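Note sheet for the following structure.
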Ligand SMILES: Nc1ncnc2c1ncn2[C@@H]1O[C@H](COP(=O)(O)OP(=O)(O)O)[C@@H](O)[C@H]1O
Ligand SMILES: Nc1ncnc2c1ncn2[C@@H]1O[C@H](COP(=O)(O)OP(=O)(O)O)[C@@H](O)[C@H]1O
């Protein structure tokens with residue numbers, strides 16, 4: 001099984017829900033459990049929110065890109081922005097570390113992505129943007145081959 | 149209110165559900181009624197199915213592109229393929245006309261798009277591909293301005 | 297999914313899925329045809345109880361089955377169709393060949 | 399949406415929405431803070447009865463309210479949290495400061 005999808009959308013907070021629902025719909029052909037769907041939605045929501053509020057400082061005009069690839073029973077998700085980038089990635093990934101406490105951020109975005117996906121990689125160049133690469137193996141391959 | 153989204157995905161039938169759910173999720177910020185959501189899902193499903201089975205003859209390898217734009221209370225949706233194209237657009241749009249009756253097609257794809265959207269335009273060049281452009285005004289603007 | 301097909305006397309009952317689109321439709325059409333041929337049913341009843349989404353692929357399923365059985369006097373029925381599905385049958389002209397039951 | 403905030407004695411009850419993300423969170427935080435200041439509530443109870451999705455923005459809402467009221471001896475409670483929400487509170491370390499009730 002192989003399937004690819006790319007999307008690009010305005011970096012506005014209304015699209016956080018859209019993005020996670022779209023990725024969840026894309027992965028549904030793998031017959032994920034409700035729990036796996038929630039894991040993926042949470043991780044995508046974190047990455048997209050970060051792009052919007054940290055990458056672009058909540059200022060309209062930026063774009064967020066998502067690329068999803070299904071290879072066998074593995075979902076690959078990349079979330080990209082062309083925003084501020086991250087100076088110190090290691091520090092950014094620490095639980096409870098946040099540069100926007102005034103916005104009620106908890107610093108749990110990266111830790112949640114790590115907790116709910118099997119693999120997390122963060123590429124970022126200050127001033128150029130950030131790409132978050134996540135992978136998750138979906139547990140149960142459907143036991144009948146889908147028709148068509 | 150203005151919001152834009154583009155997506156590109158493999159022309160395989162598993163993505164028909166993904167595409168209509170994604171567009172429905174994108175439009176949810178306009179607070180559509182259940183009926184309006186069904187209208188949009190049906191129209192998108194028709195256009196995407198056509199791209200896959202008529203544009204690319206059901207052969208894998210092609211890509212389907214969707215572009216959505218929300219302007220005020222109007223949703224614009226474009227569904228594009230780079231497939232076979234349509235020789236005679238007027239004929240293709242007639243109710244019950246289909247070139248694939250053997251696949252149980254009913255010839256009601258275009259009529260459904262017309263019935264459920266406010267506006268339908270079909271651009272196509274034989275051998276180059278097809279673009280379906282649809283518009284729909286969403287009835288009720290939410291009575292409170294969304295925060296943020 | 298085979299439990300969605302049941303033969304009662306000379307009627308084939310087809311329990312339609314939650315979402316009826318092209319992706320799902322070939323499975324339904326092919327299996328319905330198998331029953332029509334093998335079990336020699338005369339009539340087909342489509343049950344829309346579970347159906348929350350349908351596009352014109354659903355019309356194609358019904359129309360195709362109708363063509364197979366109508367020449368032998370068979371009839372096609374729709375049960376538990378909600379307002380939206382009735383509307384889809386209507387604008388397709390299928391209400392002329394499908395008996396829509398309460 | 400104001401009906402999601404209720405003051406009972408010195409408790410503020412916040413009925414959390416179906417989906418808690420960044421887009422929804424500022425509305426909740428701002429209104430909760432208004433009640434905390436104007437109505438002089440001591441404690442905040444977050445009710446997750448309706449909540450089907452939450453990301454770390456929900457953690458931020460709780461943490462922010464906790465910081466506002468804890469210096470005056472106020473406490474933060476979570477009710478009707480399903481297993482997933484409990485798990486989110488757990489990995490965030492919030493179970494140390496939030497009383498999770500049955
Ligand atoms: N896409 C991004 N662009 C720029 N900075 C980012 C991005 N994603 C995360 N960061 C930085 O990493 C920090 C930690 O991120 P995260 O763990 O998601 O917590 P939070 O979003 O609550 O701040 C953020 O506060 C921010 O400084
Ligand atoms: N994207 C497309 N590429 C090529 N041909 C198309 C496309 N969309 C529609 N057509 C042509 O128009 C005809 C009518 O389309 P439609 O009304 O959707 O009915 P159906 O899909 O049931 O055939 C199709 O049978 C096909 O010949």
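Protein chains in written order, with our numbering: chain A, 1 to 148; chain B, 149 to 296; chain C, 297 to 398; chain D, 399 to 500. Heads up, the beta-carbon is just placed ideally off N, CA and C, and yes, glycines get one too. As the structure is a prediction and not an experimental result, all values here were calculated from the model.
Practice task
Please decide whether residue 7 of chain A counts as near chain B, where near means a Cβ-Cβ distance under 7 Å.
Solution key: For residue 7 of chain A, the closest Cβ of chain B is nearer than 7 Å.
Practice task
Look at the Cβ atom of residue 453 of chain D, then the Cβ atom of residue 45 of chain A, and state whether they are nearer than 7 Å.
Solution key: Taking 7 Å as the Cβ cut-off, residue 453 of chain D and residue 45 of chain A qualify as a contacting pair.
Practice task
Check whether the Cβ of residue 25 of chain A lies closer than 7 Å to any Cβ atom in chain D.
Solution key: No, residue 25 of chain A does not count as interfacial toward chain D.
Practice task
Examine the Cβ distances between the region 433 to 449 of chain D and the region 401 to 419 of chain D and report whether three or more of them are shorter than 8 Å.
Solution key: With the cut-off at 8 Å, the region 433 to 449 of chain D and the region 401 to 419 of chain D touch.
Exercise for the section: Answer with buried or exposed for residue 34 of chain A, where buried requires no fewer than 16 other C-beta atoms within 10 angstroms of its C-beta. Expected result: With fewer than 16 other Cβ atoms within 10 Å, it is exposed.
Exercise for the section: May I ask whether a heavy atom of ligand 2 can be found less than 6 Å away from the beta carbon of residue 278 of chain B? Expected result: Result yes, Cβ under 6 Å from ligand 2.
Practice task
Taking all protein chains shown into account, decide if residue 468 of chain D is buried (16 or more other Cβ within 10 angstroms of its Cβ) or exposed.
Solution key: Classification for residue 468 of chain D: exposed.
Exercise for the section: Identify the contact partners of residue 493 of chain D in chain A, using a Cβ-Cβ distance below 8 Å as the criterion. Expected result: Ordered by position in chain A, no residue passes the 8 Å Cβ test against residue 493 of chain D, which lies about 13 Å from the chain.
Exercise for the section: Below 8 Å on the Cβ atoms is my guess for residue 185 of chain B versus residue 227 of chain B; work out the distance and round it to an integer in Å. Expected result: That belief does not hold up - the Cβ atoms of residue 185 of chain B and residue 227 of chain B are roughly 17 Å apart, past 8 Å.
Problem - N- and C-terminal bounds of the beta strand (DSSP E) containing residue 262 of chain B - result: First-last for residue 262 of chain B: 257 to 264, but that is the alpha helix (DSSP H), not the beta strand (DSSP E).
Exercise for the section: Determine, using beta carbons only, whether residue 333 of chain C and residue 308 of chain C come nearer to each other than 7 Å. Expected result: Contact annotation: residue 333 of chain C and residue 308 of chain C have beta-carbon atoms that are not nearer than 7 Å.
Problem - Partner residues on chain A for residue 446 of chain D, Cβ-Cβ distance less than 7 Å - result: The contacting residues do not exist; residue 446 of chain D stays about 14 Å from chain A at best.
Problem - Status (buried if at least 16 other CB within 10 Å, exposed otherwise) for residue 142 of chain A - result: Only weak support is given to the placement of residue 142 of chain A: the predicted model assigns it a pLDDT of 45, under 50, and the question is left unresolved by the model.
Handout entry: Sequence-distant residues of its chain with Cβ nearer than 6 Å to residue 204 of chain B (five each side left out)
Key = Only 159, 210, 231 meet the Cβ criterion.
Exercise for the section: Consider the Cβ of residue 232 of chain B: report whether some Cβ of chain C lies at a distance smaller than 7 Å. Expected result: No - not a single Cβ of chain C is within 7 Å of the one on residue 232 of chain B.
Practice task
Put residue 158 of chain B into one of helix, strand or coil per three-state DSSP.
Solution key: The DSSP-derived three-state label of residue 158 of chain B is strand.
Handout entry: beta strand (DSSP E) runs wholly inside the region 64 to 109 of chain A, at least 3 long, in chain order
Key = Correct list: 74 to 81.
Handout entry: N- and C-terminal bounds of the alpha helix (DSSP H) containing residue 441 of chain D
Key = Boundaries for residue 441 of chain D: no alpha helix (DSSP H) harbours it, while the beta strand (DSSP E) harbouring it runs 441 to 445, taken from the DSSP string.
Problem - Contact set for residue 39 of chain A: own chain, Cβ-Cβ below 6 Å, skip 5 residues either direction - result: Closer than 6 Å at Cβ, skipping near neighbours: 116.
Practice task
Could you please give the first and the last residue of the uninterrupted beta strand (DSSP E) stretch that includes residue 307 of chain C?
Solution key: Residue 307 of chain C: member of the beta strand (DSSP E) spanning 307 to 311, first to last residue.
Practice task
Consult DSSP for residue 373 of chain C and reduce its assignment to one of helix, strand or coil.
Solution key: Strand, per DSSP.
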